[in-house]
Structure formats: C-alpha cells, structure tokens
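So the protein sequences, as listed, match chains G and A. So in our numbering, spot 47 of the first sequence is number 50, and the numbers just go up one at a time. So in our numbering, spot 372 of the second sequence is number 380, and the numbers just go up one at a time. Yeah, the Cβ is synthetic: ideal placement off N, Cα and C, and Gly gets one too. None of these values were measured; they are calculated from a predicted model. To start, the structure under review is shown below, and the notes come after it.
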Amino acid sequence: MSAHLPILQVVVPLLAAPLCAFLRNARAAAVIAVLASWATLAVALSLLGDVMSAGVISYEIGDWAPPLGIEYRVDIVNAWVLVIVSTIASVVAPYMITSVEDEVERRRIPLFHAAYLLCLAGLLGITITGDVFNVFVFLEISSLSAYALIAMGTRRRALTAAFRYLVMGTVGATFIVIGIGLLYVMTGSLNMADLAVLLPEVWDSRTVKVAYGFLGVGCCLKLALFPLHLWLPNAYAFAPSAVTAFLASTATKVAVYMLLRFFLTIFGAPFSFGVMGLDRVLLPLALAAVVTMSLVAIFQVDVKRLLAYSSVAQIGYMVLGLSFASVTGLTATLLHLFNHALMKGALFMAMGCVVYRIGSVHIDAMAGLGKRMPWTMAAFVVGGLSLVGVPLTVGFVSKWFLILGALERGWWPVAVVVLLASVLALVYVWRVVEAAYFRPAGGDEGTREAPWRLLVPTWVLVGANLYFGIGAARTARVAERAAEVLMTGVGP
Amino acid sequence: MSSVPPFLIFLAGALVVPFLRRVPMVRAAWLLLIPVAGALNLWGLPEGYQLQYEFLGYTLTPVRTVDRLSLLFGYLFHLAAFIGIVYSLHLGKGDRPSVQYASAVVYAGSGLGAVFAGDFITLFVFWELLGVSSVFLIWARRTPRAIAAGMRYLIVHVGSGVVLLAGAMVHAHGTGSLDFGQMELRGLAAWLVFLAFGVKAAFPLLHTWLVDAYPEGTPTGTVFLSTFTTKTAVYALVRGFPGEEYLIYIGAAMACFPIFYAVIENDLRRTLSYSMINQIGFMVCGIGVGSTLAINGVVAQVFNHVIFKQLLFMSMGAVMYVTGKTRASDLGGLWRSMPWTTAFCIVGAASISAVPLFNGFVSKSMIMSSLLEGHHYWVWPFMLLASAGVVEHAGIKIPYFAFFARDSGIRTREAPLNMLLAMGIGAAVCLGIGIWPDLLYGMLPYPVDYEPYTYTHVLTQIQLLCFAIGAVAAFHLWKLYPAEIPSVNLDVDWVYRRGAVRVTRWTGSVVAAIDGVFRGRVLDTVDRTLRGAFRTHGPRGILARTWPAGSMVLWVSILLAAFLFLQFI
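See below:
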C-alpha cells in the first residue's frame with residue numbers, strides 16, 4: 004500500500020470527482036469531497052515523512068520504466084507543495100459545504116464538488132509528476148475545472164471573469180506546451196530527471212533558449228506575475244468564496260512550484276542564473292509587483308478584490324526570493340508558499356463568512372461588523388497581521404528569510420522595499436479594520452455571527468498562522484532542505 | 009511562588025478586563041490587583057532570572073538577566089500604572105471603560121516587556137504593541153480631531169517599529185546575534201536603531217506626534233500616555249547608546265526649543281506636552297554624557313519625571329474632567345472650587361521646577377553637575393536656560409492660569425475622590441523623594457556618591473526660582489492695569505524680561521514658521537504623491553482597471569518578445 008502512495012495522491016480525488024457527479028446528491032457529494040481531501044492530506048503527510056527520512060521516491064506508472072514511461076517522482080520540494088495543497092484542501096472542503104449551499108444553485112452543487120475534486124487532482128498531479136508532458140495534462144485538468152468553479156459565482160460578472168481567465172490560462176498552457184515540445188525536439192525526452200541530464204549538452208542552442216522563454220512566460224502567466232496578473236483580480240473577486248479561498252492558496256502556489264521545477268531542476272540553477280540571467284529579469288518584475296499591487300490594493304473598495312491584488316503582491320515576494328538565486332532566498336520562497344496559503348486562506352475564508360451573512364464584501368457594507376461578527380473579524384485581523392508580517396505570525400517568518408536573503412546579496416534597497424511594502428499592507432488591512440471596528444454599523448440590525456461550520460475551518464487556519472509563526476523552526480527546516488535540493492539540482 | 013515574566017501579568021490581566029463589564033466593583037479590584045501582583049512578582053524575581061528560547065537559529069531573550077536598570081524602570085512602571093489606574097477608576101459608561109482599561113493595562117505591560125527585553129525581536133514586538141495599545145486611549149475620546157491625531161500617532165509609531173526591525177535585521181546579519189545591548193553609533197544597523205529610538209523619544213523634528221496626540225487623549229488616557237512611550241525610549245537609549253556624544257546636542261536642542269512653544273501655547277495639556285519634550289531633553293543630554301553620575305541622574309530624572317508629569321497631567325485632566333476646558337484663556341480662579349487639585353498641582357509644579365525639597369531637584373542637579381564634570385561648558389548655559397523655561401511654563405504658567413489668574417467665573421466641584429487619591433499618591437512620592445533622596449538613590453544602577461543639598465546646588469536653584477517668582481510678582485502688578493492683555497503673550501514678557509520680549513517672540517515665530525513650512529512641504533508632498541498614486545493605482549487607474557482579454561494577451565506577447573529579443577542580441 005505504502006509503495007503506491009504517489010499514485011494514490013492523485014487517483015483518490017480523480018476518482019472521487021465522477022462519483023460526486025453521478026451521485027447527484029449535494030450532501031453525499033460534499034461528504035465525498037471532504038473525505039477525499041482528508042485522504043490526500045494523509046497521503047501527502049506520509050509522503051513528506053518518507054522523503055525526509057529516505058530520500059527521493061520514484062514511482063513508475065504501469066511499471067513502465069522511465070524515461071519512456073511516466074514517472075512520479077517525489078522529493079522534498081514537491082512533497083512540501085503537496086502538503087500545502089492538501090492541507091488547504093482539507094480545511095476548505097468542510098468549509099465549502101456550508102458556503103456553497105449559500106452561493107451556488109442547489110442542483111449544481113454535486114457538479115461543483117466534482118469540479119473541485121478535479122481541480123485538486125490536477126494541482127496534486129502537476130506537483131507530483133516527474134514527466135513534463137504529464138504536467139501539461141494535469142495543468143489542463145486543474146485549469147478547466149477552475150474555470151468552471153469560478154463561473155459558478157453568484158454574480159453574472161463571474162462568467163466574464165472566468166472567460167478571461169480561460170483565455171489567459173489557455174495562452175499560458177499553450178506556451179508551456181510549446182516549450183515542452185521544443186525541449187522534446189532537442190533531447191527526445193519528456194522525463195524531468197532525464198531532461199536535466201541531457202540539457203547541459205545543448206545549452207547553447209537557440210531552441211533551448213526559446214523553450215526557456217516560452218516556459219517562463221507561460222508559468223509566469225499562470226502564477227500571475229506582474230504584469231501578467233490581469234486575469235487574477237476579477238477571477239478571485241467574482242468566484243464563490245470557498246473557491247477563492249481554495250484557488251488563492253493553492254493554484255498560484257503550484258504555478259510557482261512549476262516555475263521552480265522547470266527553471267531549477269530541469270534547466271538547472273547554473274543555466275537559469277548563469278546563462279539566462281533569470282535573477283535580473285525577475286527582480287524588477289517582483290519588486291514592481293510588490294509595490295504597485297500593494298498600492299492598488301489600498302484603493303480597492305471590494306475586499307475580495309483587495310485581497311486578490313494583495314495576492315499578486317505576495318506572489319511578488321515569492322518570485323523575489325527566487326531572484327536572489329540563493330538557498331536563503333529560495334527558503335523564503337518555499338516558506339512563503341506555505342505561509343501565504345495559510346494567511347490568504349484564512350482571510351478569504353473570513354470574507355466568505357461575511358458574504359454568508361451580509362451578501363457583500365464591499366468595504367462600506369462591512370461598517371461596524373466588528374461588533375456583530377466578532378469571531379469573523381477577529382480572524383480577519385489575525386490573518387491581516389500575518390499578511391503585514393507581524394512577529395508571532397507566519398508572515399513574519401517569510402519576511403525574515405526574505406530580508407536575510409536580500410542582505411546576503413548585499414541588496415539593501417530591496418530589503419527596504421520589502422519593509423516599506425509591509426507598511427503598505429498594513430494600510431490596506433487597516434482600511435478594513437477601520438471600517439469594521441470604528442465606523443458605526445449601518446444596514447441590517449439583525450446580522451449575526453457566521454455559523455460555526457464556517458468559523459471552525461477559518462479558525463483552524465488562523466490558528467495555523469500563529470502556530471507556525473511561533474514554532475517556525477519546523478517549517479523552516481523543511482523549506483531550507485527543499486531549497487538546497489533545488490539549488491543543487493537533481494539528486495541521485 | 010514561582011516567578012513569571014513581568015509583562016505577562018499585565019497582558020493576561022488585560023484579557024480578563026472586558027469580561028468584567030457588568031461588575032464594575034470587581035473590575036476595579038481586579039485592575040488594582042494587576043500592578044500590585046506585578047510588583048510582588050517583580051520583587052520576588054530570583055537573582056539571575058531570565059527567559060530564553062530558540063527561534064530560527066537565534067537565541068531570543070524575552071526577559072533579560074534582571075539588572076538594576078531594568079528593575080528600576082520595572083518598579084517605576086508598576087507605580088505609574090497603579091497611580092494611573094486609581095486615577096481612572098471613575099470611568100463610566102460613556103467613556104468606553106472596557107477599551108480604556110484594557111488598552112491601558114496592555115500598554116503598561118508592553119512598556120514592561122520592552123524594559124526587560126533582552127533581544128531586538130522582543131523589543132520590537134513590545135515597541136509596536138506600545139503604539140498599537142496606546143492609540144485606543146486617544147481614540148476613546150471619539151472626537152474627529154482625536155481620531156485623526158490618533159491615526160497619525162499610530163502611523164508614526166508603527167513606522168518607528170519597522171525602522172527598529174530593519175535595524176535589528178541588519179544588526180543580526182552583521183553580528184549573527186539579536187541580543188540588545190550597548191551599541192556603537194556606526195554603520196547602518198546602529199543608525200536605524202537609533203532613529204527608531206529617536207522617533208519614540210521625540211527627538212527634534214521627530215517630535216510632532218507627541219504634541220499632536222497627547223493633548224487629544226482622554227483625561228485619564230493622557231496620564232498613561234505621558235508615562236510609558238517616551239520613557240521606554242529613554243530606557244532603550246540608556247541601554248543602547250550611553251555616552252554617545254550626539255545625544256548631548258540632541259538633548260540640548262530638545263530641552264531648549266520646546267520652551268518657545270510652551271510659552272505661546274494656550275492649551276495647557278499641549279503646554280505640558282512641550283514641557284515633556286523639554287524634560288526628555290535633559291535625560292537625553294545626560295545619556296549623551298554617559299558618566300556614572302549622568303546615567304544615575306538620567307534614571308533618577310526618569311523616575312521623578314514620570315511621577316510629577318503624571319501628577320501635572322492628572323491635575324489638568326481633573327480640570328478638564330470637571331470643566332471640559334483646558335485652554336488657559338478659558339480657565340482661571342479655580343482654586344476656590346478645587347482646592348485639593350490646586351494643591352497637588354502646585355506640588356507637581358514645584359517638583360518639575362526643581363524646587364529644593366521636591367523630587368525634581370534631587371535628580372536634575374545630578375544631570376547638570378555631570379555636564380560640568382564632563383567639561384561640557386558650552387551646553388551647560390543652554391540647559392540652564394531650559395531650566396528657567398521649565399520653571400516658567402510648567403512651574404508657574406500651568407497652576408497660575410488654571411487655578412488663579414483672572415477669575416473665569418467658573419464655579420465647579422472638586423474632582424472625584426479617586427482622582428484626588430491618585431494625585432495624593434503622586435504628590436506624596438514627589439515630596440518623599442525630595443526630602444529623603446536616598447530612597448531613590450538606593451535603587452539607581454550605579455552606587456551613588458552625590459549630595460544634592462549642597463550650598464552651590466541649592467543656591468543656583470534658588471536664584472533661578474527667585475527670578476521666576478519675581479516674574480510672577482511683577483505679573484500681578486501688571487495685571488492691575490486695566491488694559492485687557494491676551495493671556496498667551498503675557499508670560500512671554502515676564503520670563504524673558506522686557507528687553508528680550510521681541511527676541512523671544514521673534515524666535516518663537518521663526519521656529520514656528522520654519523516648522524510650519526517644513527511640515528507644510530512634507531504634507532504637500534505626501535498629498536501630491538497620494539493623488540498621483542490614486543490616479544494610476546485607484547479603481548479607475550491604469551493598474552487596477554479590468555482589462556479586456558485582448559490587451560492581457562498583448563502584455564503576454566510583449567513580455568515574450570522582450571525575452572526572446574534579449575536572447576538574440
């Protein structure tokens with residue numbers, strides 16, 4: 004059984020999805036979704052444990068030996084990302100039951116859960132596979148289901164937002180498949196480990212560089228690097244709350260992982276940083292993302308949109324860590340993958356609670372909510388503090404490594420920008436806090452606290468923000484080892 | 009009884025406060041119990057108590073090995089918190105008592121946390137918490153002015169914390185350690201830390217938050233505010249930069265410039281705020297001298313200052329509580345209705361003016377002596393001028409305008425009992441230390457070999473005081489003239505003698521004008537930047553608009569083209 008863990012990671016949600024669709028029963032589908040999500044978390048955790056103790060796990064699908072057959076290859080890096088994705092999934096899935104009943108048409112709920120499970124399967128697949136074409140296949144699975152999930156939002160603009168995302172996502176996926184195709188032409192292989200061995204021989208060829216360009220732009224589009232982020236704010240703002248919470252904390256993270264995998268494992272750090280100057284390309288874009296997107300977030304009036312822009316800024320931090328081209332920088336990136344998932348998950352879930360009660364997350368509609376929904380808004384405050392990077396929260400840990408990385412390279416100004424951007428984050432978080440706690444309540448007198456079925460998952464993530472902020476050593480150690488793996492290239 | 013970190017009692021105590029909303033008596037008892045329990049805990053701290061834990065490969069020390077410096081600040085904060093709590097026991101339904109009590113206790117607790125912090129991260133946490141918790145004492149007044157001032161206050165303090173953190177990180181990167189101890193003012197790390205301390209200590213040009221926010225606090229809130237924030241900063245400077253020469257000049261400037269403002273200011277609580285900067289100037293100057301006498305003087309001055317400044321703010325708070333006014337021109341003649349408050353205020357005023365037998369005298373003369381011992385002859389006269397300023401604006405102006413002067417016709421009642429009690433404790437401490445200075449000297453960080461009541465010290469001070477008392481006498485004579493003179497300008501004449509009137513007024517106006525232009529420029533720039541940012545980053549701005557799919561794809565192709573182009577050249 005445990006030998007087959009890698010395949011179970013993907014197959015469980017993949018098979019649960021049609022089950023949901025066939026059952027046509029909202030409750031049953033929801034239960035299946037929750038159970039499947041929890042199962043993936045169990046698998047991911049035990050995979051991480053195995054990898055930490057025993058090294059890389061290779062799984063040959065259908066016993067076809069790589070490089071011809073498809074290989075699932077788990078090292079610390081993707082075991083870590085698998086844990087991130089499945090953790091969020093197992094927290095969001097129970098939350099989804101109540102949230103979705105409120106926001107999605109009843110007859111569509113089983114389909115909704117099916118789409119969610121497909122999306123989860125796709126994301127986990129991208130992460131676990133050791134085969135580049137397989138990456139593309141899973142990318143399409145996760146993207147298509149994500150479009151469907153977003154389109155189920157209550158407002159009609161969800162449709163156009165989903166459509167725009169579809170166009171952009173397809174362009175991105177196409178770029179990636181073009182890049183993969185070019186690599187195949189040059190090396191005749193699709194296996195990642197194999198590619199990493201073969202590519203150094205053809206480094207000089209123009210085709211490889213073009214492939215690099217296509218893969219880079221494709222990944223950056225999927226991970227919403229400024230200025231390729233334009234699809235993201237609307238998609239997040241108009242999707243159902245639970246979907247936003249799920250996608251915001253997983254989809255972009257997996258895209259970042261994809262970028263790391265392509266650039267550092269397949270092409271290798273020497274090629275990326277030495278030949279292609281990746282650090283110099285990414286640094287300005289990341290800084291621009293951090294500053295401008297935080298500024299944009301300050302002026303938003305729809306809180307979900309505000310958080311969406313803040314996500315783009317936070318992705319800037321992750322890419323910034325990569326652009327330091329050092330173990331510390333990558334540690335920051337990998338830590339922030341996890342930490343940002345925790346904080347944005349908590350924040351979007353808190354907003355889901357607000358939507359559940361008052362149907363809007365417009366900043367004016369939230370006036371005085373601090374009194375009426377104390378637990379929800381307290382969750383928002385803690386999540387917000389984490390976003391700002393206050394000590395005792397996970398946000399601080401990420402910023403810490405990021406600044407250490409900057410100082411290591413001697414880039415003082417970058418460290419300053421990171422700190423200043425924290426102040427910008429404080430401003431936009433504060434705007435919400437100000438509305439909720441310092442403005443007199445308007446509107447409906449009878450607004451009550453959100454139901455515990457929403458609050459419990461939200462507070463699980465809030466608690467995780469604090470838990471992993473205080474006991475950061477655990478996560479930092481894993482991230483650091485993962486960063487070392489990435490910088491040194493493929494292990495044995 | 010096993011010991012706990014000093015701040016923990018306050019933070020945990022504050023958590024309970026909101027739940028006692030419905031039982032005011034229990035709440036009052038609980039609030040009073042917090043500083044008492046805290047002080048007992050502090051007293052019982054075993055020798056060499058400290059708390060450490062590992063974080064990301066660094067050793068954090070949330071509670072440093074307790075030494076006399078921290079211990080003195082610790083006791084002081086407990087005493088100040090106790091007085092402040094007694095003073096605010098009357099808070100009723102309309103004053104948002106839960107918010108005020110809880111934030112005041114957290115505020116005191118963060119001050120305690122900061123003075124026992126052994127590393128930069130802990131210091132940073134409490135540094136920020138000081139700002140965040142205290143702002144509620146300003147907001148609780150709920151006037152639009154108070155809310156705006158509180159916001160500005162918060163931004164400044166959060167900013168100061170961020171600068172501190174930046175400095176700490178650079179420091180950690182450079183030295184591999186996060187321990188907070190004496191630093192040399194060299195290199196980026198030290199300067200950043202220094203700047204962060206400077207903001208909280210209200211260095212010149214960084215001081216505006218203080219006079220902006222403190223007068224806007226609630227009557228009871230300002231009593232707390234006047235205690236913890238700036239004193240924590242002074243502590244940090246004593247710990248981090250003793251003997252740093254720049255501090256002498258910064259301190260001298262701080263001691264001198266506010267007296268011009270304090271003289272022309274009409275709002276008595278704002279006058280006290282300016283006087284506070286002046287007082288901190290003395291401390292900063294002493295830190296700069298850095299000799300054992302100077303440091304002892306600074307610490308003693310901190311202790312005394314907290315008590316008498318609190319006493320003065322309490323008396324003004326009492327006036328404000330019963331009359332709703334704090335402007336000098338609106339008050340006067342209150343001694344008839346508020347004899348006790350008047351008496352306490354005079355004790356506070358005498359203390360701040362360093363009258364012999366009051367506590368200000370025993371500590372300020374230490375700093376002054378240390379200046380001479382350290383051969384800082386250039387600075388000494390300025391500090392003397394500053395001392396004269398204190399006597400005038402705080403020692404005479406405050407009690408005079410509030411309680412005597414032209415009778416404003418206000419007839420009111422005496423302040424509530426708890427306020428009087430709190431002021432009584434403060435006044436007793438002022439007198440007690442003034443008469444038996446060894447009580448305080450015994451607690452100072454270094455052994456004290458200093459006798460305040462010597463012939464020269466007393467004589468110098470008496471001369472200074474005579475000058476001021478003469479001014480008051482003349483002032484009364486002047487008042488016989490029928491011409492109605494705006495009260496604000498009167499005192500300018502009398503302190504700086506007739507010939508110096510114009511110079512003083514001119515200096516005051518020039519300083520104010522420069523300050524005004526400077527602030528105007530900054531505000532203007534901020535405003536313009538904000539508008540610019542809004543144009544591009546606002547909801548309709550180019551960066552936040554919803555783009556059609558076509559132009560999104562355009563961006564993608566631009567980026568790809570740029571990328572490929574770079575490869576082909």
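List the endpoints of the continuous beta strand (DSSP E) containing residue i.
i, result
"threonine 69 of chain A", "66-71"
"isoleucine 190 of chain A", "It should be noted that the sequence gives glutamine, not isoleucine, for residue 190 of chain A. It is not in any beta strand (DSSP E) - glutamine 190 of chain A carries neither H nor E in the DSSP assignment."
"glutamine 60 of chain A", "59-63"
"tyrosine 75 of chain G", "74-77"
"isoleucine 60 of chain G", "60-63"
Take the Cβ of residue i as the centre, count every other Cβ of all protein chains shown within 10 Å, and call the residue buried at 16 or more, exposed below.
i, result
"proline 462 of chain G", "At residue 462 of chain G the sequence reads tryptophan, which differs from the proline that was named. By the 10 Å Cβ count, tryptophan 462 of chain G comes out buried."
"leucine 447 of chain A", "exposed"
"proline 21 of chain G", "exposed"
"methionine 177 of chain A", "buried"
"lysine 405 of chain A", "buried"
"glutamate 192 of chain A", "exposed"
"tryptophan 502 of chain A", "Residue placement at tryptophan 502 of chain A is flagged as unreliable, the pLDDT there being 38, under the threshold of 50; the coordinate-derived value follows with that caveat. It is buried - the Cβ of tryptophan 502 of chain A has at least 16 other Cβ atoms within 10 Å."
"valine 459 of chain G", "exposed"
"leucine 172 of chain A", "buried"
"lysine 372 of chain A", "buried"
"alanine 570 of chain A", "exposed"
"alanine 482 of chain G", "buried"
"leucine 196 of chain A", "exposed"
"glycine 494 of chain G", "With a pLDDT of 44 at glycine 494 of chain G, under the threshold of 50, the modelled position of that residue is not reliable, and no figure is offered here."
Along chain G, which residues have their Cβ under 9 Å away from the Cβ of residue i?
i, result
"glycine 167 of chain A", "Val426"
"histidine 179 of chain A", "Within 9 Å Cβ-Cβ: nothing; histidine 179 of chain A doesn't reach chain G, min ~11 Å."
"valine 201 of chain A", "Ordered by position in chain G, no residue passes the 9 Å Cβ test against valine 201 of chain A, which lies about 14 Å from the chain."
"alanine 174 of chain A", "Ile406, Ala418, Val419, Leu422"
Please list the partners that residue i has in chain A, where partner means a Cβ-to-Cβ separation under 7 Å.
i, result
"proline 394 of chain G", "Ile129, Phe132, Val133"
"proline 230 of chain G", "Trp563"
"threonine 295 of chain G", "His545, Leu551"
"tryptophan 234 of chain G", "Met560"
Span of the alpha helix (DSSP H) holding residue i?
i, result
"glutamate 381 of chain A", "367-381"
"isoleucine 42 of chain A", "32-51"
"leucine 196 of chain A", "195-208"
"serine 329 of chain G", "Per DSSP, serine 329 of chain G belongs to no alpha helix (DSSP H) and is neither H nor E."
"tyrosine 215 of chain G", "209-226"
"alanine 402 of chain A", "Run containing alanine 402 of chain A: none; DSSP gives neither H nor E here."
"histidine 384 of chain A", "From DSSP, histidine 384 of chain A is part of no alpha helix (DSSP H); its letter is neither H nor E."
"alanine 351 of chain A", "347-360"
What in chain G is Cβ-close to residue i, meaning under 8 Å?
i, result
"leucine 568 of chain A", "Phe178, Gly216, Phe217, Val220"
"alanine 209 of chain A", "Here the premise fails: no neighbours, minimum Cβ distance about 21 Å."
Starting from the beta carbon of residue i, find every residue of chain A whose beta carbon is closer than 9 Å, and list them in chain order.
i, result
"valine 15 of chain G", "Here the premise fails: no neighbours, minimum Cβ distance about 35 Å."
"arginine 167 of chain G", "Thr554, Trp555, Pro556, Ala557, Met560"
"phenylalanine 1 of chain G", "With chain G represented from 4 up to 495, any question about residue 1 of chain G goes unanswered, as that position is not in the structure."
How close, in whole Å, do the beta carbons of residue i and residue j come, if the pair is a contact with beta carbons under 8 Å?
i, j, result
"threonine 226 of chain A", "glutamine 108 of chain A", "7 Å"
"threonine 334 of chain G", "alanine 476 of chain G", "No, threonine 334 of chain G and alanine 476 of chain G are not in contact; Cβ-Cβ is about 12 Å, not under 8 Å."
"alanine 116 of chain A", "phenylalanine 81 of chain A", "Wrong, their Cβ atoms sit about 12 Å apart, outside the cutoff."
"threonine 130 of chain G", "valine 257 of chain G", "6 Å"
"glycine 298 of chain A", "glycine 368 of chain A", "Wrong, their Cβ atoms sit about 22 Å apart, outside the cutoff."
"phenylalanine 366 of chain A", "glycine 442 of chain A", "4 Å"
Starting from residue i, find everything on chain A with Cβ-Cβ shorter than 8 Å and list it in chain order.
i, result
"valine 170 of chain G", "Ala557, Met560, Val561"
"asparagine 237 of chain G", "Thr554"
Which residues in chain G have a C-beta closer than 7 Å to the C-beta of residue i? List them in chain order.
i, result
"phenylalanine 571 of chain A", "Gly216, Gly219, Val220"
"valine 170 of chain A", "Leu422, Ser425, Val426"
"alanine 244 of chain A", "The contacting residues do not exist; alanine 244 of chain A stays about 17 Å from chain G at best."
Exercise for the section: Entirely within the region 90-174 of chain A and at least 4 residues each: give me those alpha helix (DSSP H) ranges in chain order. Expected result: 105-124, 128-147
Problem - Secondary structure, alpha helix (DSSP H): runs of 4+ residues fully inside the region 113-142 of chain G - result: none
Problem - Contiguous alpha helix (DSSP H) assignments of at least 4 residues, all confined to the region 417-489 of chain A - result: Restricted to the region 417-489 of chain A, the alpha helix (DSSP H) segments that are unbroken, complete and at least 4 residues in length are 425-443, 446-449, 463-487, listed in chain order.
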